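The next block holds one structure in the form of structure tokens; read it before the comments.
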DNA sequence: CCTCATTAGATGGGTAGGTG
DNA sequence: CACCTACCCATCTAATGAGG
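Numbering (this note's numbering), first residue to last: 20 to 579.
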């Protein structure tokens with residue numbers, strides 16, 4: 020079959036031409052004209068500069084022949100971007116990444132997978148590493164990048180990791196949505212009849228962090244599963260596209276290419292399942308993976324003050340549901356599970372700590388006077404504190420402190436903090452989930468054994484009896500307290516709020532500082548700046564930012 | 001010189017749903 | 001509950017050229 024003879028659907032999108040809008044396009048279609056190159060044949064009827072139109076048609080056609088997606092992408096509305104995959108399958112790459120979580124601030128990319136021309140490839144990344152030239156070369160070779168929710172997730176995540184070459188992202192999530200297939204990629208696959216075979220059927224995206232954790236601890240079966248899971252996601256992308264394309268062409272009335280059977284789309288190749296031999300995996304990756312298992316924080320490698328005593332409390336919303344408690348003194352721990360608030364208070368006083376770190380909201384959103392919804396300020400001031408919004412913006416999932424299910428917890432947190440502070444015991448608010456994200460530990464949701472293991476890896480002495488998740492979160496809260504006492508923390512708070520404490524990698528006193536000079540031309544700003552630079556600082560000017568920005572847009576910088 | 005049709009670009013409201 | 005982003009759609013504006 021002659022592939023060259025097929026008409027890419029994009030050529031019947033007449034509105035791509037300069038000077039043709041929806042009205043002219045539809046009248047042309049009534050005349051039976053549905054190809055850029057046929058438009059100039061009836062240019063007389065168009066009341067436009069005919070030569071301009073003809074040359075524009077040639078320009079776009081040349082872009083198509085030269086397989087330049089950027090020129091064409093600029094002429095397409097967002098929702099027709101998918102036509103680029105049909106128009107240049109040889110320039111298309113299907114992309115999917117795996118990460119340790121959803122936060123672009125605290126989590127890291129573990130694996131980058133892609134399919135190019137029916138061949139699946141992957142690369143392990145992990146903490147402190149960037150993908151090699153192979154991935155970048157693949158993207159440069161195939162700048163039409165197809166993904167699912169890549170606009171919101173994969174692309175920005177990769178951007179935090181490396182300088183991604185120029186790409187045109189085609190997000191199949193929005194295409195599927197528009198054609199009536201909503202939901203996750205799994206859901207879309209299900210509704211379109213795309214099947215996954217093998218045991219990975221049960222693997223969900225949320226399992227990827229646990230697989231990575233196990234892989235970095237030498238479990239190559241887990242690494243195998245993670246790669247295979249990534250492969251199925253990518254194969255799913257290709258299959259989804261092949262199924263959606265005819266529906267999309269019908270919906271968008273680009274019927275001519277349907278008549279010739281969508282030959283181009285047939286050239287979008289679904290990757291074959293790779294043969295992954297465990298022995299090869301070990302040989303290829305052992306050296307990379309093992310260093311990834313070293314915790315970001317241990318009591319040995321950090322400047323943690325080990326003489327102080329901290330109690331961590333994982334508080335629950337009622338006396339009936341037991342709360343977890345942990346006394347931390349150096350690396351030794353004492354754990355307890357206690358229900359009633361009075362007994363919790365007594366336990367804490369008994370431990371005589373330097374600090375108590377409570378996993379519960381310890382203040383209300385500014386303006387609120389009660390935890391319940393009958394508070395008149397409920398409407399005006401909402402149910403969320405600034406600290407919670409801040410965490411959400413960093414991609415850390417957090418429940419608003421006055422959600423109905425959280426109200427009693429908040430009430431009890433404030434009650435306990437008040438009582439302890441009245442006894443002269445310093446008390447801070449902590450959030451174990453955020454701390455675990457920050458310290459690159461798996462949350463309990465990933466799996467309690469994994470959290471337990473990574474707490475042990477910090478050098479903590481934890482008892483060998485079964486430990487419940489409340490106690491593990493109490494331990495984490497206590498660790499946050501130790502970071503606080505060691506001056507390694509960050510305060511998250513809006514004006515008028517008590518701060519939520521999260522651990523930091525650096526001491527506050529070592530945190531980077533900026534010195535800013537402003538003044539008239541010739542005042543000596545540059546001289547002063549260069550002097551400080553010679554003392555080890557980094558020097559920058561506003562105009563340098565402007566210049567690099569201008570350069571990246573291909574402009575020559577000037578004073579205007 | 002006016003009117004009309006058309007295109008292109010900007011703006012704002014409303015809405016939906018997702019990644020590991 | 002509310003995030004954040006992209007999308008969709010309606011509406012508006014400015015610019016253009018055709019035709020009266």
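Ideal Cβ positions, reconstructed from N, Cα and C, are used throughout, including at glycine. No experiment lies behind these values; they were computed from the predicted model shown.
With three or more CB-CB distances shorter than 8 Å, the stretch 160-172 counts as touching the stretch 101-109. Looking from the CA of residue 533, the closest CA among 329, 557, 350 belongs to 557. In the DSSP assignment, residue 117 falls within the unbroken beta strand (DSSP E) covering 111-118. Non-local C-beta neighbours of residue 300 in its own chain, meaning closer than 7 Å and more than five positions away in sequence, comprise 239, 242, 243, ordered along the chain. Secondary structure note for residue 141: its beta strand (DSSP E) is the uninterrupted segment 138-143. Per DSSP, the beta bridge partners of residue 190 are 166. By the Cβ criterion, the stretch 167-178 is not in contact with the stretch 322-329, since fewer than three pairs of Cβ atoms, one from each stretch, lie closer than 8 Å.
Inclusion of residue 366 and residue 383 in the CB contact set at 9 Å is not warranted, their separation being larger than that value. When secondary structure is reduced to three states using DSSP, residue 58 falls in the helix class. Between residue 380 and residue 414 the beta-carbon gap is near 20 Å, outside 8 Å, which marks them as no contact. If you draw a straight line from the Cα of residue 524 to the Cα of residue 518, it comes to about 18 Å. Counting every other CB atom within 10 Å of its CB across the protein chains shown gives residue 422 a total below 16, marking it as exposed.
Taking C-beta atoms under 8 Å as the contact rule, residue 56 and residue 71 fail to qualify, at a distance of about 15 Å.
Annotation for residue 343: the continuous beta strand (DSSP E) segment containing it runs 342-348.
The beta carbons of residue 103 and residue 35 sit no closer together than 9 Å. Under the criterion of beta carbons closer than 8 Å, residue 500 and residue 444 do not qualify as touching, at roughly 12 Å. Where residue 448 is concerned, the enclosing beta strand (DSSP E) starts and stops at 446-449. Along the stretch 229-276, the alpha helix (DSSP H) occurs as fully enclosed runs of 4 or more residues at 239-270, listed in sequence order. Considering only 466, 187, 505, the residue with the shortest C-alpha distance to residue 233 is 466. DSSP, read as helix, strand or coil, puts residue 301 in helix.
Residue 397 places its beta carbon less than 9 Å from that of residue 387.
Annotated three-state conformation of residue 351 is strand, per DSSP. Residue 207 and residue 498 have their alpha carbons spaced roughly 42 Å apart. Inclusion of residue 154 and residue 115 in the CB contact set at 9 Å is not warranted, their separation being larger than that value. Residue state for residue 184 is assigned as coil, using DSSP reduced to three classes. By the C-beta density criterion, residue 249 is buried, having at least 16 other C-beta atoms within 10 angstroms.
Counting only residues of its own chain and dropping the five nearest sequence neighbours on each side, residue 486 has a CB closer than 7 Å to the CB of 354, 471.
Between residue 513 and residue 546, the alpha-carbon positions lie close to 38 Å from each other.
The three-state reading of DSSP puts residue 513 in coil, since its state is none of H, G, I, E or B. If you look at residue 493, you'll find it in the alpha helix (DSSP H) that goes 488-504.
Per the coordinates, the alpha-carbon of residue 317 lies some 15 Å from the alpha-carbon of residue 456. Judged by DSSP secondary structure, residue 129 falls within the beta strand (DSSP E) whose first and last residues are 128-135. The alpha-carbon separation between residue 187 and residue 285 amounts to approximately 21 Å.
Beyond the five residues adjoining it in sequence on each side, residue 259 comes within less than 7 Å, by CB distance, of 191, 195, 207, 208, 211, 213 in the same chain, given in chain order.
When the beta-carbon positions are compared, residue 426 and residue 336 come within less than 9 Å of each other. DSSP places residue 391 outside both helix and strand once states are collapsed to three, so it counts as coil.
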